[in-house]
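To start, the structure itself, in structure tokens.
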Amino acid sequence: MPDQRIAIERRGYVAIVTLNRPNRLNAFDQAMFVELEQAAAVLATESPRAVVITGAGERAFTAGFDVNPDNPMVAALGAAIEAQDRSSVGRAIRVIRRAVDRFAALPMPLIAAVNGKAFGGGAELAVRCDLRVMDPAAVLCFSEVRLGLMPDWGGGAMLAALVGPARAADLILTARECSAAEALDLGVVNRISAPGQALAAALDLAQAIAANGPRAVRSALAVIRHSREQPLSAALDEEEKRAVELILAGECLQGIGAHLSGRAPVFADE
């Protein structure tokens, strides 16, 4: 893992994605966006039943975009601003969004184990996941406006969908730090782990999900995700359609049979 900015490890049905630049608080440079996109492609092929993403070390989940002058993306953006080159700025944002979007579009549940600071794009990446487990000492901060920027990893819109526009505005426009306790109260995170145990708690959650019917989980997750972007009537129609397809696929025969015989179900992968 030392040479990899993003590493993938399998633990049974669960995949662990580790953001691995602890010396830079796991911040993203251009190569790391490329590796995130590559990781998404690998996971799409391997099809784990759940994915946990976390940061290497104890200090950070990820500090988001690496604003280090040694990051070529920083120099390129400076040159684009000087030249007022709209197309170059657009391309830079699309590189980021393509990587994050492809990861977030994976069909299995994505769980962020927020083990330390999640600043800027790091907070955005966390909210782009389906579930979040947070260390009690960890901090979420949508810090972009401090730098004269705004969320552009898709996390601003997602935060508004999670907590509502007013609460999202409070966090994004002030760029204030949000503790784990407040994040839980706001509904930004699902669970707070014991100290130092964010990854372990996220793995427990992932393994509980992975014990269920994989086709059922993915079908239900698809409806949940799509419900954010369509009216209730359309979401209900999609739920009915997917439920019919799921039942006809026959996965429920294993689940119902196990229930009736008093044993734990053992589901086959899709």
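Under our numbering, the first residue of the sequence shown is numbered 854, with each subsequent residue one higher. Just so it is clear, CB atoms sit at the ideal spot from N, CA and C, and this is done for glycine as well. Bear in mind the structure is a predicted one, so any value in this text is a computation, not a measurement.
Query                                                                                                                                                               : Result
Got a sec? Which residues, its chain only, sit under 6 Å from Glu862 by beta carbon, not counting five neighbours each side?                                        : Ile869
Quick test of the definition: if touching needs 3 or more C-beta pairs under 8 Å, does the region 966-973 touch the region 896-913?                                 : yes
My guess is that Val867 and Gln1060 are in contact by the Cβ rule of under 8 Å, so how many angstroms apart are they, rounded?                                      : 6 Å
Give, in chain order, every unbroken run of the beta strand (DSSP E) that is at least 3 residues long and sits entirely within the region 856-944.                  : 859-864, 867-872, 903-908 and 913-915
On the three-state DSSP scale, how would you describe Val967?                                                                                                       : strand
So, for Ala1033: in the same chain, excluding its five sequence neighbours on each side, which residues have a beta-carbon less than 6 Å away from its beta-carbon? : Met987, Pro989, Ala991 and Ile1045
Going by other Cβ atoms of all chains shown within 10 Å of its Cβ, with 16 needed for buried, is Met1003 buried or exposed?                                         : exposed
From Val1042, Ala958 and Ala894, pick the residue whose C-alpha is nearest to that of Ala819; which is it?                                                          : Past the edges of the chain, shown from 854 to 1123, lies residue 819, and the structure says nothing about it.
Per DSSP, Ile946 forms a beta bridge with which residues?                                                                                                           : Note: Ile946 sits in no beta bridge, so no partner.
State the Cα-Cα distance for the pair Met854 and Ser1086, rounded to the nearest angstrom.                                                                          : Here the model assigns Met854 a pLDDT of 49, short of 50, so the residue's position is not dependable, and the following value carries that caveat. Roughly 47 Å between the two C-alpha positions.
From Arg1081, Ala1073, Arg1078 and Gln1107, pick the residue whose C-alpha is nearest to that of Ala1096; which is it?                                              : Ala1073
DSSP three-state call for Phe1120: helix, strand or coil?                                                                                                           : coil
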